[in-house]
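J.: For the protein sequence lines, the chains are A and B, in the order given.
Going by our numbering, the first sequence opens with residue 370, and the numbers climb by one from there.
Going by our numbering, the second sequence opens with residue 370, and the numbers climb by one from there.
I am attaching a structure below and will ask some questions about it afterwards.
There are 2 protein chains.
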Amino acid sequence: MTTRKNLTERNDRALLQAARDVLAEDGAHASVAAIAARAGLGIGSLYRRYRTKEELFQRLSVMSLDHWNEVAERGLAEPDPWAGLAGFVRGCVEFGQGSLGPIAGAIAVTPEMDAKARRGDELLDELVRRAHEAGVLRGDVTAVDISLLIEQLGRSPVVDQLRKQGRDDLLPAAAEARRRLIAIALDGLRPGHGPLPGSPPGEELFTGRWSSPRDAGPVAAEEDAPGHGGDAGR
Amino acid sequence: MTTRKNLTERNDRALLQAARDVLAEDGAHASVAAIAARAGLGIGSLYRRYRTKEELFQRLSVMSLDHWNEVAERGLAEPDPWAGLAGFVRGCVEFGQGSLGPIAGAIAVTPEMDAKARRGDELLDELVRRAHEAGVLRGDVTAVDISLLIEQLGRSPVVDQLRKQGRDDLLPAAAEARRRLIAIALDGLRPGHGPLPGSPPGEELFTGRWSSPRDAGPVAAEEDAPGHGGDAGR
DNA sequence: AAATAGCGGAGCGAATCGCTCCGCTATGAG
DNA sequence: CTCATAGCGGAGCGATTCGCTCCGCTATTT
């Protein structure tokens, strides 16, 4: 039975999922029309739920952060430190963390986003600390390395493009191929390999990209973006 | 001394490099105006060299394929099979192979592109075969796995975004962080790890995305794109 | 000094953007 | 059953941006 309430709820989920997909495929270029169409809805239906495009994207960022934190907590609940960390990475990458990259700096960071991002950092730090302590993670890998790895693998050019071209028949194969790449990267995180090149990346690489929403000119506008620089949204 | 000839040559190089950068940052959304601006040229200067935007992108694809093949040949010239393969992967990833992904299926594939792509496949096959034979590459990794890995790592969300935001001060750190990820992935390619999940990816994942330039509708138009499906451009 | 190759960018029509508005359908209350 | 209305699809608004043309101008070459 499709009551009105059920329907709107399902539509809302479809909308958010569609937004994620379209954002992954079209990047910053993603249009509300495309999002609504993919969700199988009209534009009007989208705009009754979200007053602006930015509001939709902010909601999506919160969703993404919630997922990050949930998966991280599930990883911490896992007794085996490596299984916990690996499960976290797999969960984030397959979920598509990093699809929201294109809108970093294009939407305002709400206090809610900021807080959840901070919480996410703490959880990941703990996951990494535990793994280091147990000696199941190569010693010179930092939490920022892991964050960047998740962001790097968290978008699949193959999957995104196949979906855009309507080649849905190849999607399962693409997903499987992607899982192989994740497995390769995870194996590279185990101990027993030579030292990593360069020095550990600083936090500012992951932060700082979400600050100063509007003035992202070709030449750095001012000095150093006013406060609050959090890696919200991911 | 800046003769006229020197100048136009330098401008041409600047144009192609700018096109690569803008394409990496803006994806399919990349505009000719943005490309010209980044090259420090006017739009008029771009259009004297290339009659259309598509022609510029095709030229860029050829450049990219040439680079792929050169690096592969250098890898084959290396006596150590692992050093050859690893050098190839590093060379491709750091060059930014994969930045052209967004235009796959959006521009026509010229016979030149097709031929060079085929040549590239052969070279990679040989690199992988050599490495397998020497036992320096985990056994269940295929050439397609490597191709997809290069495509996956061949774009750097962090670098692209920092550049778009004009945070050029952070670029060196971002490049270094990226090199660490490459090292992790390469270590994951060595033998001595458990078997990879799923079955090896088929060729069609890497091909097929460049065929049927114009009719990429949401529902697969016809059966299977007319002939020539090559992974040109990359 | 005259000729001209090569440049920058204003501006064209077309396309697309975010968003508003409204006619319509299908639901749930009485 | 009737009827009020919640929720829908999408035409269309003004603004913006697109690829590209065209032309006045500068700087080099003869």
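Where a beta carbon is used, it is the ideal one built from N, C-alpha and C, also for glycine.
Remember, predicted model here, so these are calculated numbers, not experimental data.
Once the 5 residues before and after B/Q386 are set aside, which same chain residues still bring their CB inside 8 Å of it?
T.: A408
J.: Which same chain residues, not among the five before or five after B/L493, have their C-beta less than 7 Å away from its C-beta?
T.: A441, A512, I515, S516
J.: At the 8 Å Cβ level, is B/L539 part of the contact set with chain A, yes or no?
T.: yes
J.: In whole angstroms, what separates the C-alpha of A/S433 from that of B/G456?
T.: For A/S433 and B/G456, the gap between their C-alpha atoms comes out near 36 Å.
J.: Any beta carbon from chain B within less than 8 Å of A/R548's own beta carbon?
T.: At a cut-off of 8 Å, the C-beta of A/R548 has a neighbouring C-beta in chain B.
J.: Counting Cβ pairs, one atom from each stretch, are 3 or more of them under 8 Å apart for the region 522-537 of chain B and the region 419-435 of chain B?
T.: No, the region 522-537 of chain B is not in contact with the region 419-435 of chain B.
J.: If B/V505 sits next to B/W451, beta carbons under 8 Å apart, how far is it from one beta carbon to the other, in whole angstroms?
T.: 4 Å
J.: A/A571 versus chain B: which residues are under 8 Å apart at the beta carbon?
T.: The amino acid occupying residue 571 of chain A in the given sequence is Gly; Ala does not appear at that position. Here the neighbours are A542.
J.: Distance check for B/E463 and B/A402, CA to CA, integer angstroms please.
T.: 26 Å
J.: Whole-angstrom Cβ separation of A/A617 and B/G571, contact assumed at under 8 Å?
T.: Nothing can be reported for residue 617 of chain A: it is not among the residues displayed for chain A, which extend from 370 to 603.
J.: So, helix, strand or coil for B/H562, using DSSP?
T.: coil
J.: Report the residue from A/G460, A/Q530, A/R559 whose alpha carbon sits nearest the alpha carbon of A/A500.
T.: A/R559
J.: Quick one: residues in its chain with C-beta nearer than 6 Å to the C-beta of B/L392, no 5 flanking neighbours on either side, listed in chain order?
T.: A399, S468
J.: Which residues mark the beginning and the end of the alpha helix (DSSP H) in which A/H355 is found?
T.: It is not possible to answer for residue 355 of chain A, since the shown part of chain A is limited to 370 through 603.
J.: If I follow the unbroken alpha helix (DSSP H) through B/I476, where does it start and stop?
T.: B/I476 -> no alpha helix (DSSP H), and no H or E assigned at all.
J.: Quick one: list the residues of chain B neighbouring A/D514, beta-carbon separation under 8 Å, in chain order.
T.: Near A/D514 (Cβ distances below 8 Å), the residues of chain B are A546, R549, L550, I553.
J.: If you draw a straight line from the C-alpha of A/E447 to the C-alpha of A/G460, how long is it?
T.: 14 Å
J.: Using a C-beta to C-beta distance shorter than 8 Å, which residues of chain B count as neighbours of A/D556?
T.: D556, G557, H562, G563
J.: Just to confirm, are B/E423 and B/A503 a CB contact at a threshold of 8 Å?
T.: Between B/E423 and B/A503, the C-beta spacing is not below 8 Å.
J.: If you run the structure through DSSP and keep just helix, strand and coil, what is B/D494?
T.: helix
J.: Closer than 9 Å by beta-carbon distance: list the chain B residues that pair up with A/R389, in chain order.
T.: Under the 9 Å cutoff, chain B gives no residues; its nearest Cβ is about 16 Å from A/R389.
J.: Going by CA-CA distance only, name the one from B/R498, B/I404, B/W579 that's closest to B/D483.
T.: B/W579
J.: Return the CA-CA distance between B/P582 and B/I472, expressed in angstroms with no decimal places.
T.: Residue confidence for B/P582 is low, a pLDDT of 43 falling below 50, so the modelled location carries little weight; the figure read from the coordinates is stated next. One C-alpha to the other measures close to 10 Å.
J.: Taking Cβ positions only, does B/R578 come closer than 8 Å to chain A?
T.: yes
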